[in-house]
Amino acid sequence: MNVLDNIPKVNNDCSCEHTIANVTNSLCGSSESNQSSNQKPVYSENIGYTKPSIYDGTANWLEYKLHFEAVAKLNNWSEDIKVLKLITCMNGAALSTLYIADTEIDNTPTYHNLVKIFTKRFPPKNLTDVYMSQIDAYIRKPGQPLQELADEIKRLVRMAYPSAFLDTRDYLTYKALRKALNDHDLEFAVVQNNIETIDGALYCAL
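In the UniProt record's numbering, the protein residues as written are 1 to 206.
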């Protein structure tokens, strides 16, 4: 059964405001405005509306998911609204996935179900070897700030080992950072201080 069989057809141009007005009542049982009035805003100040970007299946899905969930939190969306917003932000191969997905969903799809579908369709593990090669070859660029170097190493390790425990990723990041420093004196200082974490190594190098 296709995911979209039980929801109204929507545009894929990410024009979420128009779409929500037409389909929220049938899907969620109440309007977004009513839900918002019953929920406490994420921040006390008025930060306005943040619009999520479009996902077409070519970018890293986990990175897009992180972006989308940050936008959802800023806008204080409920789980039902997140379903509608995510669907209207799909395009290309990602949108096609919703129509051809083999799923056991009998009723209106949940956000959790959609995330599982996209994670299965666009798995980061397909790029594991690529990210591992990038980690092995990564060397600090001339003038590159150490914090920027550490952030990039963290990102690559997270993409290469998405299912690893946090402690394991931290250790792998630490080892990769030591190598990427390409500076014998800095690396020696890190080793001499018995530092074995990425944050500790960064603090020592700074």
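Think of the CB as a built atom: it goes at the ideal place given N, C-alpha and C, for glycine as much as any other residue. Just so you know, these numbers come straight off a predicted model, no measurement behind them.
Using a 10 angstroms sphere on the CB of A93, the tally of other CB atoms stays under 16, which defines it as exposed. Around the C-beta of Y99, fewer than 16 other C-beta atoms lie within 10 Å, and the residue is accordingly described as exposed.
Here DSSP, grouped into helix, strand and coil, assigns Y171 to helix.
For Y131, the three-state secondary structure derived from DSSP is helix. The criterion of a C-beta distance shorter than 8 Å is satisfied by R140 and L181.
Out of G48, L62, H184, E148, the CA that lies nearest to the CA of R121 is found in L62. Under a 10 Å Cβ-count criterion, V130 is classified as exposed, with fewer than 16 other Cβ atoms of the shown protein chains found around its own Cβ. Residue environment analysis places I135 among the buried positions, since at least 16 neighbouring C-beta atoms fall within 10 angstroms of its C-beta. The Cβ atoms of L172 and V157 sit closer than 8 Å to each other. Y49 counts as exposed, since fewer than 16 other C-beta atoms from the protein chains shown sit within 10 angstroms of its C-beta. Put simply, the backbone Cα of N60 is about 22 Å away from that of L74. For L66, the number of other beta carbons within 10 angstroms of its own is below 16, and it is reported as exposed. When the beta-carbon positions are compared, K82 and A70 stay at least 8 Å from each other.
The beta carbons of I153 and A137 sit no closer together than 8 Å. The residues T128, Y131, M132, I135, in chain order, have a CB closer than 7 Å to that of A160 in the same chain once the five nearest residues on each side in sequence are set aside.
Sequence-distant partners of S53 (beyond 5 residues in either direction) whose C-beta falls short of 8 Å from its own C-beta, in its chain, are C14, Y64, H67, C89.
Counting along the chain, Y64 sits inside the alpha helix (DSSP H) bounded by residues 61 to 74. When secondary structure is reduced to three states using DSSP, Y111 falls in the helix class.
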